[in-house]
Amino acid sequence: MKLIKTVEAEGAVLCHDITQIIRGVTKDAVFRKGHIVRKEDIPVLLSVGKDQLYVWEKQEGMLHEDEAAEYLCRMCRGANMERSQAKEGKIELTASCDGLLKVNSAGLKAVNSFGQMMIATRHGGFRVKKGDKLAGTRIIPLVIEQEKMEAAEKACMVAAGGKPILELIPFRKKKVGIVTTGNEVFYGRIEDTFTPVIESKFGEYQAEIIDHDICSDDDTKVTASILRMIDEGADIVCCTGGMSVDPDDKTPLAIKNTGARIVSYGAPVLPGAMFLLAYYEVKEGTRPRTVVIMGLPGCVMYARRTIFDLVLPHVMSDDEVTAADLSSLGEGGLCLNCPVCTFPNCGFGKGH
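The sequence shown: position 94 = 97 (the working numbering), numbered continuously.
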């Protein structure tokens, strides 16, 4: 830090805030610490009584906060993200499309463990929309050692497997088949109020419902219906109802008999414990495809938010959900059924 004449300060970097006080009008910083003085700033600085300024003196091996912020941006910015200009050591990232945000927790922790720098993100594993803020970065001091920033970047790359901390996966255009099960619906004893809920949730992702079938409690017919929808080109098949362990609940058996790979029957989430997830591999010449099959318990029909809302963003972005992913949902997997639902701006599904 050195003291220079204000009239000679063009291009210099301020070491502290410059406050302007106009009685009854304002008392605020007219220039912030780290501001690079422009020619047109000099009359303003003189008008607030600053004939001399303390400015940053460039030293070998030291980075200005805005220069160092570029390191943080590089560590966390993945594809499909816009960035702000560096200002006061801060850079923000926003989504350039709708999609699933994923956060590498190990990489994030590695950077934040260094001190004098920080990256704060929104919670990963959830849907974001174009324009949503994803992360904010900040260098704490005005200047920081370049060696420290390089060490942080190296540690981040090791922890995150050489990839950016943030990943934004765009949603895909999906074709959906719905199989409604249950004698009570099949024989017209009650109205099917389940299917409209599923259609509405898929509608949020602009998915196309290509088929809907209503089956009795006959597992062979449910299996046949699932396979027919797959042959018709469905990317996702949802089976509603018949998911408990009662003897006449045959949907899990019907899904198993398709030959699909069962990821899990059951999830540590309430509502949604009887959820079933499976993947069916279709071999079509040189272009095999994977179909997601979900067995949805009755709670999806009447509860505002369930396991279905946690899994659906992954399904719509072709992000494979594993048994480990589902088991990790236990912490945070209890929906509190708040009088006013603010999901996803709540703790539901946020176990990390």
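Even glycine gets a Cβ: it sits at the ideal position worked out from N, Cα and C.
One thing to note: P342 has its Cβ no nearer than 8 Å to the Cβ of C302. Between the segment 176-194 and the segment 81-90 there are fewer than three inter-stretch CB-CB distances shorter than 8 Å, so the stretches are not counted as touching. A residue is called buried when at least 16 other Cβ atoms come within 10 angstroms of its Cβ; G262 does not meet this threshold and is exposed. In this structure, the beta-carbon distance from T184 to V225 falls below 8 Å.
Within the DSSP bridge table, the entry for L313 names no partner. The beta carbons of L66 and T97 sit no closer together than 8 Å.
In the DSSP assignment, Q55 is bridged to K8.
The DSSP-derived three-state label of S267 is strand.
For V272, there is no enclosing alpha helix (DSSP H), since its DSSP letter is neither H nor E. Unbroken beta strand (DSSP E) runs of no fewer than 3 residues, entirely contained in the segment 159-204, are found at 169-173, 178-184, following chain order. Here the C-alpha atom of M152 lies approximately 33 Å from the C-alpha atom of S320. With three or more CB-CB distances shorter than 8 Å, the segment 51-58 counts as touching the segment 5-24. About 4 Å separates the Cβ atoms of R130 and P316, confirming a contact at the 8 Å cut-off.
Of the candidates K253, Y208, S228, E202, K253 places its Cα closest to the Cα of D222.
With contacts defined as CB atoms closer than 8 Å, L103 and D238 fail to qualify as a contacting pair.
Ranked by Cα distance from C100, the first of H38, A163, P173 is P173. Sixteen is the threshold: when 16 or more other Cβ atoms of the shown chains lie within 10 Å of the Cβ of R308, as they do, the residue is buried. At a Cβ-Cβ threshold of 8 Å, T293 and E284 count as neighbours.
A distance below 7 Å between beta-carbons, with the five flanking residues on each side excluded, links R264 to the following residues of its chain, in chain order: A281, Y282.
Distance from the CA atom of A71 to the CA atom of I142, rounded to whole angstroms, is 7 Å. Contact annotation: I258 and L279 have beta-carbon atoms nearer than 8 Å.
C241 sits in a strand when the DSSP states are folded into three classes.
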